[in-house]
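J.:
Numbering (full-length UniProt numbering), first residue to last: 1 to 271.
1. So what does DSSP say about residue 93, is it helix, strand or coil?
2. Applying the criterion that 16 or more other CB atoms from any shown protein chain within 10 Å of the CB defines a buried residue, is residue 271 buried or exposed?
3. Going by Cα to Cα distance, which pick from 177, 76 and 84 is closest to residue 64?
4. Within the chosen definition, does the region 83-102 reach the region 228-235 through at least 3 CB pairs nearer than 8 Å?
5. Counting along the chain, where does the beta strand (DSSP E) carrying residue 87 start and finish?
6. Would residue 126 and residue 107 qualify as a contact pair, given that the criterion is a beta-carbon distance under 8 Å?
7. Three-state secondary structure (DSSP) at residue 348?
8. The beta strand (DSSP E) that contains residue 19, what's its start and end?
9. Can you tell me whether DSSP reads residue 247 as helix, strand or coil?
10. For residue 176 versus residue 149, is the C-beta spacing smaller than 8 Å?
11. Starting from residue 195, trace the beta strand (DSSP E) both ways and give me its first and last residue.
12. Taking the beta carbon of residue 7 as the centre, do at least 16 other beta carbons fall within 10 Å, making it buried, or is it exposed?
13. Does DSSP put residue 151 in a helix, in a strand, or in coil?
14. Where does residue 9 land, buried or exposed, given buried means 16+ other C-beta within 10 angstroms?
15. Three-state secondary structure (DSSP) at residue 146?
16. Only counting the same chain, and skipping five residues up and downstream in sequence, which positions put a Cβ closer than 7 Å to that of residue 12?
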C-alpha cells in the first residue's frame, strides 16, 4: 500500500480523515494525494440567465483557495509525502479518475453533504465504480491504530473475498483478526466460500484469524457487526460492498447502506 487517495473538503470530518490517512501513510511509507474538487454546479429555480451563478462563482473560488492555503500550511509540518491536487467538477468524478492508480481511497460518510440518516449518494457511486478499495472514516475519528484488532465481515460472497484480499496489508499489521459471519441456517448453502476458505487464504499470507459465527438476531445486521467489532476492541471493519452502477446509492445492499450511513469505526469496502 504505497498510494493513498484522500478526498479533502472544508467539512467537519476532513481533519480527522486526513490524520487517519497520514497514520496509514506512516505505517506503510506511502504517499498521500489530497484531492480537492471544486464544483460550480449551482441550481437556483427561475434563474434562467445564470445571475446566481455569476454572483456565487467568485466566492466559491475564494473559499476554495483559502481552504487550500490553510491546509497546505498545516501539511508542511507533517512527516509524510503528500501532494495537493485541485480539480474542477463533482468530487466523485475526480476521485474516480484518480482511483485506478491508487491503492486506497479515503473518504468520509457524508462528503456529499448528506444527513446522518441517509447513505451518501457520492459514496455509493464510489463504492460501485472505484477501481480501488474505499476506506470510510467516521467524522469523529481522529486517528487509526494500524495494530488494533480488525474484524472481517464474511458472508461467503465474492465481494467479501475481494474486500479480504484488498485488506491483506492492513490485516498483516493488526495484532488480531476476526473473521465474523452472521447467518441463519437457510443461508449456509447460499455462497461457495465458507469462512474456513477465507482463513486458509489469510494463512498463506502469514495471517492468523479467529473464526466467529454469530446467530442472526433481531435488528440490523450492520448494527450486529458493529457490536461484535466493539466487543472485540476492533479499530477497523472490512466488508464487501453490494450494489450496481445504476442508481448506486439506492441499489446498494441493505447491510452496506446501513453500515456506511453512520459507521461506528472505519470501514474498508471493496466491490
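Cβ coordinates follow ideal geometry from the N, Cα and C atoms, glycine included.
Source: prediction; values computed, not measured.
T.: Taking the geometry as given:
1. helix
2. buried
3. 84
4. no
5. 81-88
6. yes
7. The requested residue 348 is not part of the displayed model; the chain covers only 1 to 271.
8. Counting along the chain, residue 19 falls outside any beta strand (DSSP E), though it belongs to the alpha helix (DSSP H) covering 14-28.
9. Any reading at residue 247 must be qualified, since the residue scores a pLDDT of 37, below 50, and its modelled position is unreliable; the value itself is stated next. In this structure, residue 247 counts as coil in the three-state DSSP scheme.
10. yes
11. Element bounds for residue 195: not the beta strand (DSSP E) but the alpha helix (DSSP H), 195-204.
12. buried
13. strand
14. buried
15. coil
16. 139
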